[in-house]
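Notes to accompany the following structure.
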Amino acid sequence: MKVEAKTCHEQTHRPLFTWTRMWAVLVLAGLLGGLSLSGSSSAGELMAPPRVHTPPGAADSADEPLGPFPGVVAPEGTYEGKNVEQPIEFPHDLHADTNKINCLYCHTYARRSAVAGIPPTSKCMGCHNVIATDRPRIKKLTEYWEKGESPPWKKVHDLPDYVRFTHERHLKKFLFDNPDMSVERVDEVCALCHGNVKKMTVARKQKPLTMGFCTRCHEANDGPFDCQKCHK
Amino acid sequence: MAEETHLSATKDIDEKIAWAEINSDVLRSMENPRMGYWLAVVVSICMLMVGVASEVYQYNVGMGPAQLNNPHMWDLYISTFVFWIGMSHSGTLLSAILHLFHADWRKPIYRFAEAMTTFSLMTALVFPIIHLGRVWNMHWVIPYYSDRGIWPNFRSPLVWDAFAITTYLTGSVLFLYIGMIPDLAICRDNAIGWRKRLYTFMSVGWRGDDRQWRNFRKTYLLMACFLIPLAVSVHSIVAADFAMAIMPGWHVTSFPPYFVSGALYSGCAAIITLFVLLRYFFKFEQYMTLPILDKTCKLTFAIAMVWSYLNLIEFASVWYGHDIPAKEVLIAKFTGPYSPFFLGMLFCGSVLPFTLAFEKIRRNPMLLLPISIFLNVGMWLERYMIVAPTLSLAYHPWSWDVMWPGWVEWGIVFGSFGWFGLLFLIFVKVFPSVSMYEVKEMVYHRRRVVYEDAELRAHEYKKGASGASSAAPATEGS
Amino acid sequence: MSKIEFDRRDFLKVMGVSGVAATVAGCDMPSYITSEEGAEEVIPYLSPEEFVIPGVGVHYASTCLQCPATCGIRGRVREGRVLKLEGNPKSALNTGKLCQMGQAGLQTHYNPDRLTKPLVRKDGALAEATWEDALALIEEKTGPSSGLSGGRFAWLTGTISGHQSVLLKAHLESLGSSSHFVHEVINTRVWQAVCQDMLGQSMPRLRIDKAKMVLSFGADFLGTWMSPIHFSADYARFRSGEDRGMLVQAEPSMSLTGANADLWVALRPGTEGVMALGLANVLINKERMDASALPAAALELINQYGVSRTTKMTGIAGDRLIRIARHLKERSPSLVLAGASAAGHVGGYQSVQAAMLLNILLGNIDQTIEASGDFALPQLASVSGGTSDLSRFADAAGAGKLDAVFFDGSNPLFAAPNHLGLTEKFDSIPFKVAFSQFMDETTAHADVVLPMASALEDWGTHVAAYQGGDHEIAFQQPLMEPIYPGTRSFGDMLLALNSMRNPGSYDGLEDYYGYLQSAVGSIPGVLKGEDDEAINVSAWNRILQDGRLQMPVDTRAFTSNLSMDDMDVRDADPAFPYYLVPTPRGTLYDGRHANIPWLQESPDQISKVVWNSWAEIHPVTAAKLAVEEGDVITVTTPDGVLEVPVYIHKGIHVDVVAVPMGQGHEDYGRYARGRGVNPLKILQPGSDAKTGELALYGSRAALAATGRAGRLIKMGNTETQHGRKIVATITAEQQRRNEGDS
Amino acid sequence: MSLVRNFIEDWSRYRRSIDEGGFHEYEHMWGMVIDLDKCTGCNACSVACYAENNLAVVGEDKFENGQGMHWMRIERYWDEPNIGNERVRDTQEHGASFMPMMCQQCNSATCEPVCPVSAAYHTPDGLNAQIYNRCVGSRYCANNCPYRLRYFNFFSYYEDSWPSPLDMQLNPDITVRDKGVMEKCTFCVQRIRSTKNAAKMEDRQVVDGEVQTACQQTCPTSAIVFGDLLDHESDVHKLWHKHQTRLGTTKQKKDNPELRGYRLYEQLNTEPSVTYLERVRDV
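Chains as they are written, first to last, in the numbering used here: chain A, 1059 to 1290; chain B, 405 to 882; chain C, 662 to 1403; chain D, 18 to 300.
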């Protein structure tokens, strides 16, 4: 650059100096510094979608309101799960809604174990070696059964491996220890975290199932807050 | 020539320098970089690349290749982190503290010291981050709202570090920037092209009218007052990383002042190094004069003595205390496998500074360069000697172990120097590394002093001289 | 029966991926974590039993086959995978406890180096083959058409018992052969022989818990001797209470038991018997104990071993000898044991005899040494092995007396000392079939290799050689379905071999499981069903749940037939001034566990060394050789040289160098291969006159420093506590004074 | 005013609860007693821990670098500082001294306050929890542990520690830790958790002896006793009191100084929940 000796006192130029302008620069710098420090996504909050507060009823038909039943504050948050390609497109609506089969009839492990579990294939065949045997899906199921193996179902509601969630305890609190609830209405309890499966064919993830989702519900229903209770 | 040396021997700065000359000199230092400059840039970029490569490797493989092991969970990363944090204190000392004390000899040299502060902080900030086992989660240390609704542990000194360092970094950047505004205006007026745009933006319309100067002074003073406690607190908190632990050799009450003094010490040593280099490469003999170097050395010497004293206090308190493991660690420092480093540190840190007691050396840049570098080597060793021996010789004998850093660790430490050097090199070519307007103030004051007492002598002469004739006073006719 | 079969087998299937998900690392970089829909599969059972709940572990009883002690185990099974082994509380032998080898049974089962397909030797090299080919070849060589008969055929196994041994004997008989070599490096044969000769029972019950003092001549009953876990429980009772017992261990190099002794005496190898006689001498002549129980011959032998002579031969100070004798007298009942280091010499039998004599003198018989009788069903009883069979086998093979040999559960080529020259003799055998889980040294030399199911995939019954208290049959049942479909059950193979020899036998049994059910059902008074024809399912299931079947104990008293022969102590050869001791350890045992990563990384109890071999020497020796810990020395015997890094400690006799056995495999999977050295290889010839057991402890060695620093990987970097109160010690007086009630 | 009241309440609560390790609201307080006289140093506990807790086998090179993972380690010392070393001058006449060392689950733990992200914290069960997925790997806790009982994943051990099918053995109740995570003995928290779960399902309290840690269950001499210190009927509580070992002190004051109970480095005021009973030797 070209240098010619001058001192700043001999200068003349546009009078534009304002403190606001100066501070603006400073604030900008500060913001940049702050942003540069708070990093990007991470294991802890990877599945955290923007937290949405939806009052029950404001969502689409798939999770249409199941009125908050007494003794429980429903957890907040919704999630738009993708459709999972299952070996057999199992119609939940047909079983649970039309035929009013209780969730616990098939997912029987839910009240005895940490995992709800997929029903053993023998359970399906229990009915379906007589009922609707002519339908293509049942035919497919029968094939599996005759090959002597179970359909390789895809896991829809999955939690990270460092999380321990027990179905039995939640059922105990929300259903069996809840005087205002009866086993007939178990679907409402399930719907708290699984959405209204009754309205779906293949189950779709309807709730975020993030740590925030869990903690908010634990807060509302005074569940335990000891990290180690849920993290293994 | 003899005149020159005479001047330099007595005066901080020559009052005869024309302000235009100051501008031209400083601005010249910012233009047409020579071959050497580019060479330096390339070298520091290569060093930086070594560091980056090591870090990438470590990110993918884990902390294992750094040879960290069960007793030695921390090593070079933390000690180098403390080292860089220490470096950063000198700038604040010169620009803020001495500013309050109106020690105006600081004026030609505080700018690059301030820059050094900022850059060494930026270097230091890297280390606590990369020493994390899971770097990708580093932001969990900062309190921010998240879906999980959990917060960092505010009892942990590491969290305090995060706050302290970021605050201090922001503060010193602002201070550096504000201090530069008038000079940036000068650059603006003499620049063309992208520089013009840059300086125009950064000098926020400074035109040096009275009101601006008044507000400017206020802000600058304010920032200085704000920065001093910050500087002290930062290194006290870094000291807390160790003092809050119960490990023998760390659990020492006198650590905060000890760390602060060590920080100022290494900072001053670094200033001397850069002083000599800039003076030589940018031909700043007129501004970075030997008397100023002399004063800086005196300051360094004083701080070195304080540091050595605190060292002795620590030894004594351990020695006369009842903490047997701590005593074992102390003895091991003197006799154990780390003793060469420890004794080296004592030599560089407490013996070498006595050379600064001699004026001949204080005014000999070529001699001061190696000395100041060795002072800093000593200070780096000090930090290493705080971390390693304690970990290798803690309470439980079963896990006693001596460990030497792995190549990844060395690589990253090496790279950090490249990072610092690169930043500094860019700075000296983009921003004035000597504060022009303050040098002008300095010169202005000198002139006033000189002319005033000249007039005074003339006046007395007229009073006392009745008829008697002698040699005309120097001022006559001027 | 078939019903149980079906359900069990289905239950044992590995379920889906749901459980295995644990193998995905829990908390790595975000990208790794799979939690979005459809990423994982979950495959339900076809039709599980009612008690099978995913996510809930079920415990199944079985038997541990990691060493011949046959402790009872219980496996935690979840989603069809066995996750953890615990001791079986129902077992009288180990009462719910387990040693590290037992814990590591999992890694024998899940070992990545297991054989999965049959191998047949084609033009010199082992090549994969189908089961049909392999069995056809076996039929051709050993079937009825082969004309093979009589002593030309032999089995070589490890300790074997239960119905496998029944079927094996049947197979031998079908060939008209009687040569069944049973090989165990770590054995108690000499002790059994002495007990048999002097007391008329080979395995009397040893009541360590009742004893007030135990004097053990190198019997490592906490580590490797007989039934360590059973003795550990006894030891705990022995140590507690106001009459806390005192343990004195005399041995050349410190064993785990020695490490827990109140008084550990470094003994010159081979002089155990001398020390025993010396003690007897002191007891009779100084302590005036009644010696009427002893025969005259023994008495005058004892009188030859006065204190001075004993001191000279054993190197133990006289006053110490006298103090031990006094303790023995005061603390009655006491118990004197003699283990491997006493028995493993040319005069080993006499040493053990002397120890037993001491017991008789102290009146311990029927006090702490109880009659245990023989097992009610002798055909099931344990055929416990020894090293004498190894030399006998070597001779037979060398003399070309063998045409076909079947191997199972033993690795003779690894264990055989060089002087036996077994490898060549072995290769000279025309037809060798190995029933093996792993490609070990022996298997590598076999002509046909049949991959066996692991202990956790197989059926079986086992009878411990040493029965703790009540006698029981230990049941082994599969804890999960075979990992590799290519492997087969040893029992099934025995059945197949038998029906190969004489077709038609064992018809109507679909497999070994069926055979077991019927065989056990035929045991009188076991499966009390409504009608004894059909199997009583509930009774059968109860047995499987307990994993144990109580058998009546015959309370036959001892028949004392006392005799005493003179000691046979060999003097040192000046060229080889040191004694070489191949120490057995409860980690790699005799080398069969060298392929288990857990045990390779589990620090040795004494030296804390991992993943390697080492030589223990005394600081004085180290000073003589001018070596530091970790420096490599050469251990030279007339039969070979070893190069090992040294570990220096004071728990060893000055003239002894101890190298642990177990390492030095040439071929035993990725974890064992080319690691450390095998001291058994360089042992000198020589065997006990009476029993023919190899003198494992009788070798002499010369040491020399190589000047190289070796690789000695140890846990921990200190040998001392540096004045801190880490392990505090108090005297037994104080303990007795304060803990009388417990 | 309320501030003063709170202060007084807290203080009195602290005084009252000092026996339970200071100001905590515990459901349980899991503690241990290890009888060093019964411990034979056989290493079974260590291997059981490997099996139960998915501990990685690191191999000889990493073990040599001190990067091994053994939550339960048996230390072996040759000297006997407190009864003089004349018995070990030329031979080890008293044998060796074995020390089973696992996380001491301190009640005023040094590891907890220094963790920047509260991955190490104190649970209502009186355990030092380590939340693996929260850990950022600053390793400050391990530096500050006087017992050196925290182990860091310096590598992604899981990649080569369990070549298939060894990985089928991994315990699904515990995360498999990956690189950059600190880990340590948890008193087999997964067993505690499942037992408590079972008890809750049956609306009852956990009874003594219902929870067994892996090391305790396998210990051949039953040298390890584990239980709830708050349950005054539990064996572990009885043993603590029999040997007059108290929480909430840095120096045990005993009417009978010969009683064997002591806690390791309790002068550091870490409040370990593990009491060791001194080793006994007949001299």
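C-beta: ideal position from N, C-alpha, C; glycine also.
Note that the structure is a prediction, hence the values are computed from the model and not measured.
Residue environment, residue i, which counts as buried when at least 16 other CB atoms sit within 10 Å
i	result
E1171/C	exposed
P1282/A	exposed
N436/B	exposed
E1400/C	buried
H863/B	exposed
P104/D	Here residue 104/D turns out to be Arg, not Pro, going by the sequence shown. So R104/D counts as buried.
Min CB distance residue i to chain B below 8 Å
i	result
C132/D	yes
L1267/A	no
G76/D	no
G1291/C	no
Minimum Cβ-Cβ distance from residue i to chain D less than 8 Å
i	result
W802/B	yes
D479/B	no
R987/C	no
V755/B	no
Short CB-CB distance (under 8 Å) between residue i and chain A
i	result
V717/C	yes
V638/B	no
8 Å Cβ cutoff, residue i in contact with chain C
i	result
P1133/A	no
D551/B	no
D565/B	no
L183/D	yes
Collapsed DSSP secondary structure at residue i in the structure displayed
i	result
N145/D	strand
P561/B	helix
Y669/B	helix
R1331/C	coil
Y1174/C	helix
A568/B	helix
R1217/C	coil
H1215/A	coil
Beta-carbon separation (whole angstroms), residue i vs residue j, contact threshold 8 Å
i	j	result
A1276/C	A1319/C	7 Å
Q1011/C	D1227/C	7 Å
I1343/C	N1159/C	Going by Cβ atoms, the distance from I1343/C to N1159/C rounds to 41 Å, so no, they are not a contact pair.
L998/C	A959/C	Rounded, the Cβ-Cβ distance is 19 Å, inconsistent with contact.
ask   = Taking a cut of 7 Å between CB atoms, which residues from the segment 270-294 of chain D lie near chain C?
value = Legend: CB atoms of the segment 270-294 of chain D lying less than 7 Å from CB atoms of chain C belong to residues N273, E275, L276, R277, Y279, L281.
Q.
Tell me which residues of the segment 1383-1394 of chain C have at least one Cβ-Cβ distance to chain B shorter than 9 Å, keeping chain order.
A. Of all residues in the segment 1383-1394 of chain C, the ones placed with a Cβ closer than 9 Å to any Cβ belonging to chain B are H1383, G1384, R1385, I1387, in chain order.
Practice item. Mind checking the segment 565-588 of chain B against chain A and listing, in chain order, the residues whose C-beta falls within less than 9 Å of any C-beta there? Key: Those would be A566, T570, L573, T574, V577, L578, Y581, I582, I585, P586, D587, in chain order.
Subject >> Chain-ordered residues of the segment 789-821 of chain B with a beta carbon less than 9 Å from chain C >> reply: Residues are counted here when their Cβ sits less than 9 Å from a Cβ of chain C; for the segment 789-821 of chain B these are Y799, H800, P801, W802, S803, W804, D805, V806, given in chain order.
Against chain A, which members of the segment 700-731 of chain C pass a CB distance test of less than 7 Å? Within the segment 700-731 of chain C, A700, E701, E702, V703, I704, P705, Y706, L707, S708, P709, I714, P715, G716, V717 place their CB atoms closer than 7 Å to a CB of chain A, listed in sequence order.
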